[in-house]
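Protein chains in written order, with the numbering used here: chain A, 1 to 90; chain B, 1001 to 1648. Note that the Cβ used here is the ideal one computed from N, Cα and C, for glycine as well. Structure first, then comments.
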Amino acid sequence: MAESIKDQVRAFIIENFLFGDTSAQIDDDASLIENDVIDSTGVLELVAFIEERFGVTMADSEIVPANLDSLDRITAYVGSKTGKETSLNA
Amino acid sequence: MCGFGGYFGAGVDPADAGPLLKRMGSAIAHRGPDESGIAVLHDAGLCHTRLSIVGLADGQQPMSLDGGRLTIAFNGEIFNYVELREGLIARGHVFRTSSDTEVILHLFDEKGPDCLADLNGDFAFAIWDAPRRRMFIARDRMGVRPLFHTTVGNTLFFASEVKALLEVPGVEAEMDPIALDQIFTLWAPIAPRTAFKGIEELEPGHMMIVEEGGRTIRPYWSLSFPDSGEPSRHTDERAAAEELRALLTDATRLRMRADVPVGSYLSGGLDSSVISALASGMTPETLRTFSVAFDSAEHDESAFQNEVAAALGTLHATVRCGEGDIAAVFPDVIRFTERPILRTAPAPLFKLSALVRERGLKVVLTGEGADEVFAGYDIFKEARVRRFCARQPGSRIRPHLFRKLYPYLPGLKQQSAEYLAAFFGAGADLPEDPLFSHKPRIRATGAAKLFFSGDLREQLAGYDAAEDLASCLPETFSRWHPLHQAQYLESRFLLPGYILSSQGDRMAMAHGIEGRFPFLDHRLVEFAATLPPEMKLKGLVEKHILREATRDLLPETILRRTKQPYRAPDSQSFRGAGEKDYVRDAMSVEKLAAGGLFNPASVSKLFAKSRQQPLSGFRDNAAFVGILSSQLWLETFTGSRRRTVRAA
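Structural data, given as structure tokens:
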């Protein structure tokens, strides 16, 4: 079964920003900034990942915390762009 | 400027005292390559290594008064010793030497611990008071000169650097996990804690009296600010600028006193340019200036350095830092910082002091301290913008100001207003939090603790370094203006804990060079503390009053220059030619596992990532340098290189 958007994003974040450290749980709705997972350059890495992995192009106006600051928000955003998953709980 | 050490207590066999003191002195011989001496006293001892700067022929130490009634070992300079000496002579004191060391002895003889109030200088010293069987130890107000101590049994041992204490039987190096957590949160341990478990430093502005019944440590000076809203005596900006100029000129004049030539560091920024300009006008010879230049354009300021040197007509010399240069000296740098560091910035200064030594100078002035005293750092402006944003949390306009603060950080330029607000905690941090100004830095740095091992986390048991820092603040702190609160945090903790130590004294003294800091003259520090905040940070223009006070000294381009913080390439220094064998060794799974401080699997991924592409984020760079320096610290002080340290 194909990995869900959320699982793919979670795997990317753990590998790329947490260097494989799974001791800290990332809740689906936890802020990636407030939990020190991501910094200003990390956001651009995340954008590059989303564009490459899911085949979408993010406009500057879309690169905002409302779309990217938690697993739920990323999943909803990517889902809305690809039409694959639109529910926050997907 | 020198190094010293000693002990008080019955724990040293008299037959071992001489050899032990010699070993302690030898461990810090780099601080005083000109002469050395020891004094074996009754249940006490002092050792000294001398860098001869004042009283070249007759300033040997340890120095005694009245055949050993008082004996001193002293590191540093008393800049107003000429005036103090004249006063003492007028009051009947008879001097045998022309040194500032003897001035301290006579002043202590006359006033006891109260003598500290009269001293204008950078110093750490110990005086053995034989009749009272008491050791009196003191350290300068701002923490320019270091002083560490530890107790074995009932005997207190002290020294200018920890490596001298490691010569004492029974003293072993062990990393203090709390200190490591503090470094990975605040960039430096919170004094008196050091990286070495069981070894403390005497805090700046403190004295210690050791007697057979015990010891007392207490402050004799502390930095303070007026209550917010209290009317300032400085209502006329022009008059304040004139007073500042007079104080800074006198502070520089006093720091030009030496029986050897005095040079100056020149970074290309406002502060060192001002000091070089003042010094240049005070010496009949051509002033010699020294700079660091980088191959990396992002860090290089040589165009500005050359412009100032040409404008002042100094004899200028530069040391270049290119690929592999920082990595080549980094293990030595850690041997001298004696603590893990999160940035490589001390390394170029290590190379710079070597250049000064090579050119035959022993003393340099620097512009250090101006950013703390006159609010020059970006963090002060950042806090002001964050407060501005916090007043209107949903604003899409206000966060754009963050871009103006960090023009040298391209990653920030591309961010939306929403992200800028989020990264700087605008809206999330409470303006009444005592650490408000430093919260983003604490968060960004602390994120590097991601790499701590499970064992280390267990030992730390949820310890919170920021909370610990907040608990150290004085009672009056909450009544100060927010800018003054931020200035206090920088001046009281990061300045002595990192800037003056890891980047200052240790890098200069590694090559027997004495740094002098006119901006840290306590008269200037006290004056600046009483200035209204808006005279220091005017809107988002830093050090406004300093610019006004020194407008005639420098080219307009330097005066108008936006502050460029001194930075060096961090993890990038260890790529390519910088990936030395010791880097691969220190970052290997085996060494990481043996050290026990970091998670080998995570660090391996970080190391692999850094080899693929330059690490770009603050956290990853801080983590890389912090982990590498911690591993080198273990290797140097507890591992196979320990023998080298002892023999050095």
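Close Cβ partners of A/Ala30 (< 7 Å) along its chain, the five nearest in sequence each way excluded: Taking A/Ala30 as the centre and dropping the five residues before and after it, the same chain places the C-beta of Ser70 closer than 7 Å to its C-beta, in chain order.
Reduced DSSP secondary structure (H/G/I, E/B, other) of B/Leu1694: The requested residue 1694 of chain B does not occur in the structure, where chain B is confined to residues 1001 to 1648.
B/His1481 bridges to which residues according to DSSP? According to DSSP, residue pairing for B/His1481 in a beta bridge does not occur.
Do we get a CB-CB distance below 7 Å when we pair A/Asp39 with the residues of chain B? At least one chain B Cβ lies under 7 Å of A/Asp39.
Mind reading off the beta-carbon distance from B/Leu1537 to B/Leu1489? Whole number of angstroms is fine, and I expect it under 8 Å. In fact, because the Cβ distance is near 15 Å, the residues do not count as touching under 8 Å.
Option nearest B/Asp1325 by Cα separation, candidates B/Ala1191, B/Ala1317, B/Leu1041 and B/Thr1344: Taking only the C-alpha atoms, the option nearest B/Asp1325 is B/Thr1344.
Selection of the segment 1563-1592 of chain B by Cβ proximity to chain A, strictly under 8 Å: Here the close residues number zero.
Using a Cβ-Cβ cut-off of less than 8 Å, give me the residues of the segment 1409-1436 of chain B that come near chain A, in sequence order. Considering only beta carbons, the part of the segment 1409-1436 of chain B lying closer than 8 Å to chain A consists of Leu1409, Gly1411, Leu1412, Gln1414, Gln1415, Ser1416, Glu1418, Tyr1419, Ala1422, Phe1423 and Ala1428, in chain order.
Can you pull the chain B neighbours of A/Glu52, defined as C-beta to C-beta under 8 Å? Near A/Glu52 there are no residues of chain B at all, since even the closest Cβ is about 15 Å away, more than 8 Å.
The segment 1393-1409 of chain B / the segment 1083-1092 of chain B touching (three or more Cβ pairs under 8 Å): No: fewer than three Cβ pairs fall under 8 Å.
Quick check on the burial criterion: 16 or more other C-beta atoms within 10 angstroms. Buried or exposed for B/Cys1472? Sixteen is the threshold: since fewer than 16 other Cβ atoms of the shown chains lie within 10 Å of the Cβ of B/Cys1472, the residue is exposed.
Among the candidates B/Glu1432, B/Val1260 and B/Gly1515, whose CA atom is the shortest distance from the CA of B/Arg1479? For B/Arg1479, the nearest C-alpha among the options comes from B/Glu1432.
Are the beta-carbon atoms belonging to B/Pro1518 and B/Ala1240 less than 7 Å from one another? Cβ distance not < 7 Å, so B/Pro1518 and B/Ala1240 don't count as in contact.
Measuring alpha carbon to alpha carbon, tell me which of B/Gly1153, B/Ile1183, B/Ala1159 and B/Ala1195 ends up nearest B/Ala1173. Comparing alpha carbon positions, the residue from B/Gly1153, B/Ile1183, B/Ala1159 and B/Ala1195 closest to B/Ala1173 is B/Ala1195.
I want to verify the contact list: residues of chain A whose CB lies under 7 Å from the CB of B/Ala1447, in sequence order. Neighbours of B/Ala1447 on chain A, chain order: Asp36.
Please confirm whether B/Gly1055 and B/Ser1026 have their CB atoms less than 7 Å apart. For B/Gly1055 and B/Ser1026, no; Cβs fall outside 7 Å.
Kindly identify the DSSP beta-bridge partner or partners of B/Val1603. The partner list for B/Val1603 (beta bridge, DSSP) is empty, contrary to what the question assumes.
Check for me: the alpha helix (DSSP H) holding B/Gly1411 runs from which residue to which? Run containing B/Gly1411: Pro1410 to Lys1413, per the alpha helix (DSSP H) assignment.
Alpha-carbon to alpha-carbon, B/Ser1264 and B/Arg1275: Looking at the sequence itself, residue 1275 of chain B is Ile, so the reference to Arg does not match. C-alpha separation (whole angstroms): 8 Å.
Contact check, B/Leu1405 vs B/Glu1368, beta carbons under 7 Å: No. Outside cutoff.
Taking one C-beta from the segment 1170-1189 of chain B and one from the segment 1227-1236 of chain B each time, how about it: are there three or more such pairs within less than 8 Å? No, because fewer than three Cβ pairs between the segment 1170-1189 of chain B and the segment 1227-1236 of chain B fall closer than 8 Å, the two stretches do not touch.
Check this for me: beta carbons of B/His1400 and B/Ala1417, under 7 Å apart or not? In this structure, B/Ala1417 lies closer than 7 Å to B/His1400 by Cβ.
For B/Asp1129, write down the residues that DSSP places opposite it in a beta bridge. As DSSP reads the structure, B/Asp1129 sits in a beta bridge with B/Leu1070 and B/Arg1134.
With a Cβ-Cβ cutoff of 7 Å, do B/Pro1600 and B/Gln1503 count as a contact? No Cβ-Cβ contact shorter than 7 Å links B/Pro1600 with B/Gln1503.
Where the alpha helix (DSSP H) containing A/Ser80 begins and where it ends: Run containing A/Ser80: Leu71 to Thr82, per the alpha helix (DSSP H) assignment.
Comparing alpha-carbon positions, which option in B/Arg1132, B/Glu1102 and B/Glu1358 lies nearest B/Phe1125? If you compare the alpha carbons of B/Arg1132, B/Glu1102 and B/Glu1358 with that of B/Phe1125, the shortest gap goes to B/Glu1102.
Residue of B/Ser1588, B/Tyr1566 and B/Pro1614 minimising C-alpha distance to B/Arg1575: Minimum Cα-Cα distance from B/Arg1575 among the listed residues B/Ser1588, B/Tyr1566 and B/Pro1614 corresponds to B/Pro1614.
For B/Lys1163 and B/Arg1646, the rounded distance between their alpha carbons: Annotation note: pLDDT 45 at B/Arg1646 (below 50); position unreliable, coordinate value reported separately. Taking C-alpha positions only, B/Arg1646 is separated from B/Lys1163 by approximately 8 Å.
Using 7 Å as the limit for Cβ to Cβ distance, is A/Ala64 near chain B? In the sequence on display, residue 64 of chain A carries Val and not Ala. Chain B contact via Cβ: present.
Proximity winner among B/Ala1486, B/Arg1547, B/Asp1570 and B/Val1040, relative to B/Leu1469 (alpha-carbon distances): Nearest C-alpha to B/Leu1469: B/Ala1486.
Contact check, B/Leu1365 vs B/Ala1279, beta carbons under 7 Å: Yes, the pair counts as a contact, with Cβ atoms nearer than the cut-off.
Pick helix, strand or coil for B/Cys1115, following the three-state DSSP scheme. Residue state, collapsed to three classes: helix.
Could you tell me the distance, in whole angstroms, from the CA atom of A/Asn35 to the CA atom of A/Gly20? Roughly 16 Å separates the two Cα atoms.
May I ask which residues mark the beginning and end of the alpha helix (DSSP H) holding B/Lys1388? Before going further, note that residue 1388 of chain B is Phe rather than Lys in the sequence given. According to the DSSP assignment, B/Phe1388 belongs to the alpha helix (DSSP H) that extends over Asp1378 to Ala1390.
Under 8 Å, with one C-beta from each stretch per pair, do the segment 1151-1162 of chain B and the segment 1540-1557 of chain B reach the 3-pair mark? The segment 1151-1162 of chain B makes no contact with the segment 1540-1557 of chain B: fewer than 3 CB pairs, one atom from each, lie closer than 8 Å.
Can you name, in chain order, every residue of its own chain whose Cβ lies under 7 Å from the Cβ of B/Ala1529, other than the five neighbours on each side? Same-chain partners within the cutoff: Leu1223, Ser1224 and Phe1225.
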